[in-house]
Amino acid sequence: MAYTFVNFALTKREQRLCGKCQKLKIACTCQKKDVPKLITSSQEMQYQFLRYCYLEDMSEENVFSTDAIEVQLEYEYNCEKYDQHSEYISLNDFELSHLPDNIRHPTVCVWLRNCAPLVVKLRKYGNATGRVCILPKDLSTTRTCDDTHCRHLNELGRDHQVHGGLGIITNRHVIKTDDDAAVTRVDFFYNEETDPVMTELGCTVHLTNTKLDYSVFSCFVHSRALIEQMMFYDKRRNYAWQCIPREIRVKTKLYAIIISHPHGAAKQISIGDVVRTATKSKGTEEQENVNALRKIYNICESQNTNGLQRFEAYYKHVLKDITIPYTITWYSTATCKGSSGAPVYMGNIVNENGEEINQAHTHRGVDKGEKLNVCFT
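Mind the numbering: the sequence shown is residues 0 to 376 in numbering that gives the first Met the number 0, read in order.
#1: How big is the Cα-Cα spacing for R363 and F375?
#2: What's the C-alpha gap between V215 and M230?
#3: Since C202 is in the beta strand (DSSP E), which residue starts that stretch and which ends it?
#4: Using a Cβ-Cβ cutoff of less than 7 Å, which residues in the same chain neighbour Q267 once the five nearest sequence positions on both sides are dropped?
#5: I'd like the ranges of any alpha helix (DSSP H) spanning at least 4 consecutive residues and lying wholly in the segment 224-261.
#6: Using C-beta distances below 6 Å, list every residue in its chain close to K166, excluding the 5 sequence neighbours before and after it, in chain order.
#7: So I226 and H162 are supposed to be a Cβ contact under 8 Å. How far apart are they, rounded?
#8: Using 8 Å as the threshold, is the segment 195-209 in touch with the segment 173-186, meaning 3 or more CB pairs across them?
#9: When the Cβ atoms of the segment 245-259 are set against those of the segment 207-214, are three or more pairs found closer than 8 Å?
#10: Look up A127 in the DSSP assignment and give the residues it is bridged to.
#11: Within 10 angstroms of its Cβ, does L404 collect 16 or more other Cβ (buried), or is it exposed?
#12: What does DSSP give as the partner residue(s) for A277 in the beta ladder?
#13: Which residues does DSSP list as the beta-bridge partners of V349?
#14: Starting from V373, trace the beta strand (DSSP E) in both directions and tell me its first and last residue.
#15: How big is the Cα-Cα spacing for T278 and R103?
#16: Note down, in chain order, each residue of its chain lying with its Cβ closer than 8 Å to the Cβ of V365, except the 5 sequence neighbours on either side.
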């Protein structure tokens with residue numbers, strides 16, 4: 000199967016291929032010792048497709064600003080979860096040995112590395128985490144940048160344009176209103192403390208739900224290349240998930256894997272167990288609502304590629320007040336302040352246009368009674 004990386008025009012670095020083996024430097028085994036050891040040479044022959052899934056160096060100098068924020072976990076002595084800080088794994092240190100035994104497979108490691116670029120840090124009055132989604136209806140829209148402190152003012156002028164198409168998923172208790180979204184800074188590619196970061200400003204709330212505590216807000220950006228990157232990473236994440244053997248995909252449901260920015264630090268991965276789940280329902284009426292929604296969804300999905308957008312609009316404007324059951328999931332994964340809104344990967348899937356998609360849930364916070372973390376779905 001032929002697979003070609005997108006070569007973004009804004010990149011000025013040399014192509015990131017090893018001069019000896021002609022593989023991506025991050026995937027080859029003949030480079031310096033700090034290259035992530037995700038696969039052994041014997042496994043490499045069996046999983047040739049993996050080299051198409053590895054992330055390239057994401058800190059392209061001419062795309063990103065240089066206002067990376069330095070926050071060290073070990074300085075947060077006052078954190079009530081300080082004893083859990085040792086459970087965090089920095090993104091660049093993450094490797095196969097960190098995975099639980101029954102999902103310790105190279106494809107799982109590759110999948111998580113492909114999820115990471117979509118995770119963003121949110122800065123409003125405090126720190127939180129979000130993840131990128133694509134808003135197809137906004138892809139062709141532009142608006143005037145209203146950031147009075149925009150770093151592009153000198154270069155582009157006061158009335159320069161920004162481009163739509165990206166949404167950010169986080170908690171409702173992080174972003175409730177358009178005003179909240181409009182003052183939220185979104186930091187892309189904050190993977191290590193010394194990494195340059197691309198920062199954009201939030202715009203308006205696209206969707207919000209009080210019961211499930213999630214919001215989606217739009218983020219207009221200065222570079223179309225960033226939108227192309229996010230769309231590419233989203234496709235590659237889905238492809239990487241489908242490359243995981245089915246029996247291992249099923250076992251990922253036993254674990255809650257979180258990528259977040261605890262205390263505003265660079266991306267950290269934490270892994271814990273799914274402890275239990277419980278479904279909350281007010282009665283048969285809510286279950287009937289679910290059945291009706293499922294039928295509408297299936298009809299929309301079967302029509303054409305715009306069917307899911309039609310379902311989204313129908314749900315948002317016509318069905319927004321109906322009540323449906325929801326599920327609470329408790330898990331033991333390490334989180335701290337700043338992890339709110341982070342994606343929780345628990346092997347949950349949806350089928351869209353006949354394709355199996357892994358669906359992350361959104362970390363909500365701590366159930367103090369249970370002394371466990373929790374998310375609502």
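Just so you know, even glycine gets a beta-carbon here, dropped at the ideal spot from N, CA and C.
Reading off the structure:
#1: Locating residue 363 in the sequence shown gives position 364, counting from the first residue. Locating residue 375 in the sequence shown gives position 376, counting from the first residue. Cα to Cα, R363 sits roughly 7 Å from F375.
#2: Working through the sequence shown from its first residue, we reach residue 215 at position 216. Working through the sequence shown from its first residue, we reach residue 230 at position 231. Taking the CA atoms as reference points, V215 sits about 17 Å from M230.
#3: Within the sequence shown, the letter at position 203 stands for residue 202. Unbroken beta strand (DSSP E) run through C202: 197-208.
#4: As a working mapping, residue 267 is identified with position 268 in the sequence shown. So the qualifying residues of the chain are Y87, I88, S89, S259, P261.
#5: Runs found: 245-250.
#6: By one-based count along the sequence shown, residue 166 stands at place 167. The amino acid occupying residue 166 in the given sequence is Gly; Lys does not appear at that position. Once the five neighbours on either side are set aside, the close Cβ partners of G166 are C132, L134, H205, V215, S217.
#7: Here residue 226 is taken as the residue at index 227 of the sequence shown, counted from 1. Here residue 162 is taken as the residue at index 163 of the sequence shown, counted from 1. Contact between I226 and H162 holds: their C-beta atoms lie close to 6 Å from each other, under 8 Å.
#8: Counting Cβ pairs under 8 Å, three or more are found: they touch.
#9: No contact exists between the segment 245-259 and the segment 207-214.
#10: Working through the sequence shown from its first residue, we reach residue 127 at position 128. According to DSSP, which records beta bridges pairwise, A127 is partnered with L121.
#11: The displayed coordinates of the chain run from 0 to 376. Any statement about residue 404 would go beyond what the structure contains.
#12: For the purposes of this step, residue 277 is taken as the residue at position 278 of the sequence shown. Bridge partners of A277: I327.
#13: For the purposes of this step, residue 349 is taken as residue 350 along the sequence shown, with counting starting at 1. Note: V349 sits in a beta bridge opposite I356.
#14: Here residue 373 refers to the residue found at position 374 when the sequence shown is read from its first residue. Annotation: the continuous beta strand (DSSP E) that includes V373 extends over 371-375.
#15: Translated into positions along the sequence shown, residue 278 becomes position 279. Translated into positions along the sequence shown, residue 103 becomes position 104. If I take the Cα positions, the gap works out to 30 Å.
#16: Locating residue 365 in the sequence shown gives position 366, where the first residue counts as 1. So the list reads T334, L371, N372, V373, once near-sequence residues are dropped.
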